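**Student:**
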Amino acid sequence: MKTLLTFSFIFLSVLAFAQVNISGKVVTKNGEPIPGVNIYLENTYDGASSDGEGNFSFETTETGQQTLVASFIGYKTWSQTIDLQNNVVLQIEMQESVNSIDAVTITAGSFAADDESRASVMKSLDVYTTPSANGDVMAAIRTMPGTQASADDGRLLVRGGDAYETSTYIDGLVASKPYYSKTPDVATRGRFAPSLFSGVQFNTGGYSAEYGQALSSVLVLKSTDLPEADNTGISLMTIGAEANRTERWENTSLNVSGGYTNLSLYDKIFKSNVDWEKPVESVNGTAVFRHKTSSSGMFKAYITTDYGNLAYLVPAGNDGEKMKISSKGGTVYSNLSYRDCFSEKSCYRIGVSSTYQDNRLGLGADDVNTKELNIESRFALVHDLSEGVKLTWGANETYNKYDQDYIENEGAVYNGSFDDHLLGAFIEPEIKFTKKFGIRPGLRTEYSSVINKMNVAPRFALALKTGEKAQLSGAWGLYYQTPQADYLKINTDLDFEQAMHYILSYQFGDNSERLFRTEAYYKKYNDLITYSVGENGLPKNLQNDGSGYAAGLDIFWRDQLSIKGFDYWITYSYIDTKRKYQYYPEKATPYFISDHNFSVVGKYWVNKINTQFGASFTAASGRPFNDPNSSEFNSERTKMYSDLSLNMSHVFYIGNQYSVLYCSVNNVLGNNNVLNYRPTNVADAQGNYSLVPVKRDLKRFVFIGLFLNF
Amino acid sequence: MKTIITILLVVLSTTAFSSKYEETMKTNIDKLYQLHTSAELQVLANQFERIGNAEQDKWLPNYYAAYCFIRSTFFDEMDDDAKHAQLDKAQALVDQLMKTNDDESEVYALQALLYQIRITDMSKGAKYSMKASDAIKQAERLNPENPRVYYLRGSNTFHTPKFFGGGAEKAKPDLEKAAKMFESNQPTNPLMPTWGNVHNEQLLSQCEQ
Numbered sequence: 001m002k003t004l005l006t007f008s009f010i011f012l013s014v015l016a017f018a019q020v021n022i023s024g025k026v027v028t029k030n031g032e033p034i035p036g037v038n039i040y041l042e043n044t045y046d047g048a049s050s051d052g053e054g055n056f057s058f059e060t061t062e063t064g065q066q067t068l069v070a071s072f073i074g075y076k077t078w079s080q081t082i083d084l085q086n087n088v089v090l091q092i093e094m095q096e097s098v099n100s101i102d103a104v105t106i107t108a109g110s111f112a113a114d115d116e117s118r119a120s121v122m123k124s125l126d127v128y129t130t131p132s133a134n135g136d137v138m139a140a141i142r143t144m145p146g147t148q149a150s151a152d153d154g155r156l157l158v159r160g161g162d163a164y165e166t167s168t169y170i171d172g173l174v175a176s177k178p179y180y181s182k183t184p185d186v187a188t189r190g191r192f193a194p195s196l197f198s199g200v201q202f203n204t205g206g207y208s209a210e211y212g213q214a215l216s217s218v219l220v221l222k223s224t225d226l227p228e229a230d231n232t233g234i235s236l237m238t239i240g241a242e243a244n245r246t247e248r249w250e251n252t253s254l255n256v257s258g259g260y261t262n263l264s265l266y267d268k269i270f271k272s273n274v275d276w277e278k279p280v281e282s283v284n285g286t287a288v289f290r291h292k293t294s295s296s297g298m299f300k301a302y303i304t305t306d307y308g309n310l311a312y313l314v315p316a317g318n319d320g321e322k323m324k325i326s327s328k329g330g331t332v333y334s335n336l337s338y339r340d341c342f343s344e345k346s347c348y349r350i351g352v353s354s355t356y357q358d359n360r361l362g363l364g365a366d367d368v369n370t371k372e373l374n375i376e377s378r379f380a381l382v383h384d385l386s387e388g389v390k391l392t393w394g395a396n397e398t399y400n401k402y403d404q405d406y407i408e409n410e411g412a413v414y415n416g417s418f419d420d421h422l423l424g425a426f427i428e429p430e431i432k433f434t435k436k437f438g439i440r441p442g443l444r445t446e447y448s449s450v451i452n453k454m455n456v457a458p459r460f461a462l463a464l465k466t467g468e469k470a471q472l473s474g475a476w477g478l479y480y481q482t483p484q485a486d487y488l489k490i491n492t493d494l495d496f497e498q499a500m501h502y503i504l505s506y507q508f509g510d511n512s513e514r515l516f517r518t519e520a521y522y523k524k525y526n527d528l529i530t531y532s533v534g535e536n537g538l539p540k541n542l543q544n545d546g547s548g549y550a551a552g553l554d555i556f557w558r559d560q561l562s563i564k565g566f567d568y569w570i571t572y573s574y575i576d577t578k579r580k581y582q583y584y585p586e587k588a589t590p591y592f593i594s595d596h597n598f599s600v601v602g603k604y605w606v607n608k609i610n611t612q613f614g615a616s617f618t619a620a621s622g623r624p625f626n627d628p629n630s631s632e633f634n635s636e637r638t639k640m641y642s643d644l645s646l647n648m649s650h651v652f653y654i655g656n657q658y659s660v661l662y663c664s665v666n667n668v669l670g671n672n673n674v675l676n677y678r679p680t681n682v683a684d685a686q687g688n689y690s691l692v693p694v695k696r697d698l699k700r701f702v703f704i705g706l707f708l709n710f
Numbered sequence: 001m002k003t004i005i006t007i008l009l010v011v012l013s014t015t016a017f018s019s020k021y022e023e024t025m026k027t028n029i030d031k032l033y034q035l036h037t038s039a040e041l042q043v044l045a046n047q048f049e050r051i052g053n054a055e056q057d058k059w060l061p062n063y064y065a066a067y068c069f070i071r072s073t074f075f076d077e078m079d080d081d082a083k084h085a086q087l088d089k090a091q092a093l094v095d096q097l098m099k100t101n102d103d104e105s106e107v108y109a110l111q112a113l114l115y116q117i118r119i120t121d122m123s124k125g126a127k128y129s130m131k132a133s134d135a136i137k138q139a140e141r142l143n144p145e146n147p148r149v150y151y152l153r154g155s156n157t158f159h160t161p162k163f164f165g166g167g168a169e170k171a172k173p174d175l176e177k178a179a180k181m182f183e184s185n186q187p188t189n190p191l192m193p194t195w196g197n198v199h200n201e202q203l204l205s206q207c208e209q
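Read top to bottom, the protein sequences are chains A and B. Under the UniProt record's numbering, the residue at position 416 of the first sequence is numbered 416, and the numbers go up by one with no gaps. Under the UniProt record's numbering, the residue at position 121 of the second sequence is numbered 121, and the numbers go up by one with no gaps.
(1) Of all the options A:Gly36, A:Ala103, A:Pro458, A:Phe289, which has the alpha carbon lying nearest to the alpha carbon of A:Ser223?
(2) Measuring CB to CB, does A:Ser642 end up less than 7 Å from A:Ala615?
(3) I'd like to know if A:Val651 contacts chain B, where contact means its C-beta is closer than 7 Å to some C-beta of that chain.
(4) Identify the contact partners of B:Thr24 in chain A, using a Cβ-Cβ distance below 9 Å as the criterion.
(5) Ignoring anything shorter than 4 residues, give me the alpha helix (DSSP H) runs that lie fully in the region 43–100 of chain B, in order along the chain.
(6) From B:Leu99 to B:Ala179, what distance separates their C-alpha atoms?
(7) Looking only at its own chain, which residues have a Cβ that is under 6 Å from the Cβ of A:Gly546, when we skip the five neighbours before and after it?
(8) Using 10 angstroms around the beta-carbon of B:Tyr128, count the other beta-carbons present and answer buried if the total reaches 16, otherwise exposed.
(9) What does A:Asn244 reach in chain B if we use C-beta pairs closer than 7 Å?
(10) Quick one: which residues of the region 127–156 of chain B get their C-beta closer than 8 Å to a C-beta of chain A? List them in chain order.
(11) Starting from the N-terminal side, write out each stretch of the alpha helix (DSSP H) that is 4 residues or longer and does not extend beyond the region 133–190 of chain A.
(12) So who's on the other strand from A:Asp225, going by DSSP bridges?
(13) Closer than 8 Å is the cut-off here; do at least three beta carbon pairs connect the region 535–555 of chain A with the region 571–578 of chain A?
(14) Have a look at the DSSP bridge pairing and note the partners of residue 762 of chain A.
(15) I need the boundaries of the beta strand (DSSP E) containing B:Met181, first residue and last residue.
(16) Does any residue of chain A bring its CB to less than 7 Å from the CB of B:Asn197?
(17) Taking only runs of the beta strand (DSSP E) that begin and end inside the region 570–620 of chain A, which ones reach a length of at least 3 residues, in chain order?
(18) If the cut-off is 9 Å on Cβ atoms, which residues from the region 21–42 of chain A count as contacting chain B, listed in chain order?
(19) Just mark A:Val606 as buried or exposed, buried being the case when its beta carbon has 16 or more other beta carbons within 10 Å.
(20) Do you know whose CA, among A:Thr130, A:Ala108, A:Glu59, lies nearest A:Gln201's CA?
(21) Does the Cβ of B:Arg141 have 16 or more other Cβ atoms within 10 Å, making it buried, or fewer, making it exposed?
(22) Whole alpha helix (DSSP H) runs in the region 107–162 of chain B with 4 or more residues, listed along the chain?
(23) Go ahead and pull the three-state DSSP assignment for B:Ile29.
(24) Less than 7 Å separating the beta-carbons of A:Gln91 and A:Gly47?
(25) Determine the direct distance from the alpha carbon of A:Ser195 to that of B:Ser205, and round the result to whole angstroms.
(26) Closer than 8 Å is the cut-off here; do at least three beta carbon pairs connect the region 124–135 of chain A with the region 595–603 of chain A?
(27) Tell me whether B:Gln34 sits in a helix, a strand or coil according to DSSP, three-state version.
(28) Can you name the start and end residues of the alpha helix (DSSP H) that A:Val127 belongs to?
(29) Among all the DSSP beta bridges, which residues are the ones paired with A:Thr246?
(30) Should the region 213–230 of chain A be regarded as contacting the region 164–177 of chain A, the criterion being three or more beta carbon pairs within less than 8 Å?
(31) Could you pull out every residue in the same chain whose Cβ sits closer than 7 Å to the Cβ of A:Arg118, ignoring the five residues on either side in sequence?
(32) Give the single residue among A:Gly364, A:Pro458, A:Tyr302 whose Cα lies nearest to the Cα of A:Leu254.
(33) What residue range does the beta strand (DSSP E) around A:Gln85 cover?
(34) Quick check: residue 731 of chain A and A:Ser272, are their CB atoms within less than 7 Å of each other?
(35) Near B:Cys207, which residues of its chain fall below 8 Å by C-beta distance, leaving aside the five closest residues on each side in sequence?
(36) Could you say which of A:Val218, A:Arg360, A:Glu210, A:Arg245 lies nearest to A:Asn227 if we only look at CA atoms?
This is the structure:
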């Protein structure tokens, strides 16, 4: 025993002095040195870091077979078994990890306003501080390229597409009524408050197979997670008031808010271009609940409801005749979602959203009462299959119920109604072959029960990094959309409308400094719904007989670096588009299209007076309109449109909380150009049709708001 | 006899081992506060990571490795991309710590510091100060006696623009509280973190101006 002990002590001490040296060089596969790599023997303290030339060297008293490890972020961990009999000299070649943060991201067609995403071009705060937006998410998005200025519409009109061709999603679930009800000649605005969202991804085309039912564009809104702290807010505005209360517990939060809007006082002070009988009056209430179930699990519930009422007179006949348009209605939207992970490599999202709208529209002596219900259930799973390979798949069921009574003055009632179950499923792998090159092929399929048709929509996107901050992306895809309710209520013997997108995009720079982005696209429409106008004014002979194209170039430039405290972005879009759809007798450029759209937004923060100043300018070339007295359809052009808006936000304190005094003026220059002309339905005695000019509803819009926090 | 020897050997080897751990850690921790170049701090971070790899049940080695990477961005006027690369390394380690030691106030304090250092330009302010503030809250919940909680909160407020409810005036009470705690709450374990005091004093003196 004693001998054994002595022996082992001697053995141990001999070991202690038997040092070997391990040295070498760490390089990339191109032979470039990698500094800062941690090289060590597994389960020991022995190791070293590679120096500026990639060289390393260290001594160890370990013996025998040991594992030498080299690890560095952005590279795959390298390891090799070595024998420590003698000194070891070796060259370590490390491979770049395709999952590194600066790896390529697929961005074609996508403009993100997100604080997380690297594809981001805008930040969520920009929605508030863009002067032309007045706190409307949709209006802020309209400063992005690819959209139409459309001051008389207020909705997103993307790359030649009609308003219905853009779908809005909140946390992956559809929001079927993202705007307040649109009535003729008066612009609408987005329904959802920007404070609910931490990110906005605006897809102008070529989007993922996860989304269907949109020919042109998908707007994906990501709601905020847990709010920071308890808060009470009161907002007093020239057009109404709002109040909200947020309670935050450790893993749970609840926010309730309510608002009231009334434009009557406003209408009395400022002369409106619209002959209001009942200026817009609305009430809304919202509740938002969040519960964090684990480090990866999050449950979100959001419900918002509003009721609105408005009425105005529009010119109808030739001799100053007026027609009353009124709209009264309520909407309830709810969105429940849950996301979590099965494991580190598999995550899922499930949710249900629903929209119920009951709207009463008055068109002169006629009444149109419409009830719509939309319920969508959806799930999606994301798996990290291996390094650089991610698979997303999922399915949705969307139920639509539509019921409309068109009640004529004479008492005749036309009922139009239908039910639709839309089933959709998609699968989409994303493969990064290297850090610089990735592809995203996708496949989506849908079945719509009301038309009893199925579609299969392949998609493909790729991205190639051409430099440290430069990348080239491309996308192609087929997009389908079930015909609009206005047609299905009359005829269900129809097929999906279809669009095919081709996009090529180049991007250079970084959003926090300077970013340049340009995209060229070509879009081909097929199977658009066409009809002729029947004697009662309703469409007849509905068919999938239309087609069209849109080709264009979008340019975006943002610079936050050149002048300290000053941030600006410039966008320009050119479009050439024609289509035959609806009642168009031939292919023509639709009335909402300006060939050239230009916008610039700038903001400057003055620290001394705690105030931010902003300006935005939008210009758009003239839009087509149809003069029924002319032989060529949609051949006339309006004058150019322009708008200069200014705003300022002054921050001050009440106790420990900050409050904001906000003031904005839209259309400072008072440009009162005709936006478009709407033909009247009735010809005068000479058989000529007169045209009704459509202008923006307020020549100048002055908004003052006091947002108090306690 | 045999049992005694075995016990003796086991005791000897464990104490020898743990003292090796403590000694190495103590030496490197002392060194950490003396280094003023980012290259040296990155080398030291690797050293801590190696200890962490060998001592899988200890959280302090990875904690200090992450802190070294964060601290390495304070020196040599690094450009923003290089800073974020170091912070990415730190974040990978903090992510590990969050899995194994999510009951440790100091881990959340470190996470908060990391988020604050991420704010390399205005555009990142809103996001990361919010995230930092959430982490600070967790750190406070786990140990309200941790002076770094108040130092970090004060620093967060100090650097938040007045536009969003920040500024020196608002930051002062937290910084003062932190200063008091740095004085009174000295750790008994020499390996426990002590950083924050110097910067806290700097911020306080800026508040006085």
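We treat Cβ as the ideally placed atom computed from N, Cα and C, and that holds for glycine. Just so you know, these numbers come straight off a predicted model, no measurement behind them.
**Tutor:** Answer, in terms of the structure:
(1) Each of A:Gly36, A:Ala103, A:Pro458, A:Phe289 was checked against the Cα of A:Ser223, and the nearest Cα belongs to A:Phe289.
(2) Between A:Ser642 and A:Ala615, the gap from beta carbon to beta carbon reaches 7 Å or more.
(3) Chain B, which has a Cβ nearer than 7 Å to the Cβ of A:Val651, makes this yes.
(4) Within chain A, the residues near B:Thr24 are Tyr45.
(5) The alpha helix (DSSP H) runs lying completely inside the region 43–100 of chain B and spanning 4 residues or more are 60–72, 80–100, given in chain order.
(6) Looking at the sequence itself, residue 99 of chain B is Lys, so the reference to Leu does not match. The C-alpha of B:Lys99 lies about 31 Å from the C-alpha of B:Ala179.
(7) Leu528, Thr530, Lys580, Tyr581.
(8) Of the other Cβ atoms in all chains shown, 16 or more fall within 10 Å of the Cβ of B:Tyr128; this residue is therefore buried.
(9) The premise fails here: A:Asn244 is roughly 17 Å from chain B at the closest Cβ pair, so nothing lies under 7 Å.
(10) Residues are counted here when their Cβ sits less than 8 Å from a Cβ of chain A; for the region 127–156 of chain B these are Lys127, Met130, Ser133, Asp134, Arg141, given in chain order.
(11) Correct list: 137–141.
(12) In DSSP, A:Asp225 forms no bridge with anything.
(13) The region 535–555 of chain A vs the region 571–578 of chain A: in contact.
(14) It is not possible to answer for residue 762 of chain A, since the shown part of chain A is limited to 1 through 710.
(15) Secondary structure note for B:Met181: it is in no beta strand (DSSP E), and the uninterrupted alpha helix (DSSP H) holding it is 168–184.
(16) No, B:Asn197 lies away from the interface with chain A (no Cβ there is under 7 Å from its Cβ).
(17) Here the runs fully enclosed are 596–606, 611–620.
(18) Residues passing the 9 Å Cβ filter: Pro35, Gly36, Val37, Asn38, Ile39, Tyr40, Leu41, Glu42.
(19) Around the beta carbon of A:Val606, fewer than 16 other beta carbons lie within 10 angstroms, which makes this residue exposed.
(20) The option with the nearest alpha carbon to A:Gln201 is A:Ala108.
(21) With fewer than 16 Cβ atoms within 10 Å of its Cβ, B:Arg141 is classed as exposed.
(22) As for any alpha helix (DSSP H) of minimum length 4 sitting wholly inside the region 107–162 of chain B, the runs are 125–142, 147–159, ordered along the chain.
(23) Assigned with DSSP and collapsed to three states, B:Ile29 falls in helix.
(24) No. Outside cutoff.
(25) Distance between the alpha carbons of B:Ser205 and A:Ser195 is about 36 Å.
(26) Look at the beta carbons and you see the region 124–135 of chain A touching the region 595–603 of chain A: at least three pairs across the two are nearer than 8 Å.
(27) Under the three-state reduction of DSSP output, B:Gln34 falls in the coil class, being neither helix nor strand.
(28) Element bounds for A:Val127: 126–129.
(29) Looking at the DSSP output, A:Thr246 bridges to A:Asn231, A:Asn255.
(30) The region 213–230 of chain A, when compared against the region 164–177 of chain A, does touch it at the 8 Å Cβ threshold.
(31) Since pLDDT at A:Arg118 reaches only 49, below the 50 mark, its modelled position is unreliable, and no value is offered.
(32) Ranking A:Gly364, A:Pro458, A:Tyr302 by Cα distance to A:Leu254 puts A:Tyr302 first.
(33) Element bounds for A:Gln85: n/a, residue is neither H nor E.
(34) In the structure as shown, chain A starts at 1 and stops at 710, and residue 731 of chain A therefore has no counterpart that could be examined.
(35) Excluding positions up to five away in sequence, the list reads Phe158, Ala168, Glu169, Ala171, Lys172, Leu175.
(36) Correcting the residue type first, residue 227 of chain A is Pro in the shown sequence and not Asn. Of the listed residues, the one whose Cα sits closest to A:Pro227 is A:Arg245.
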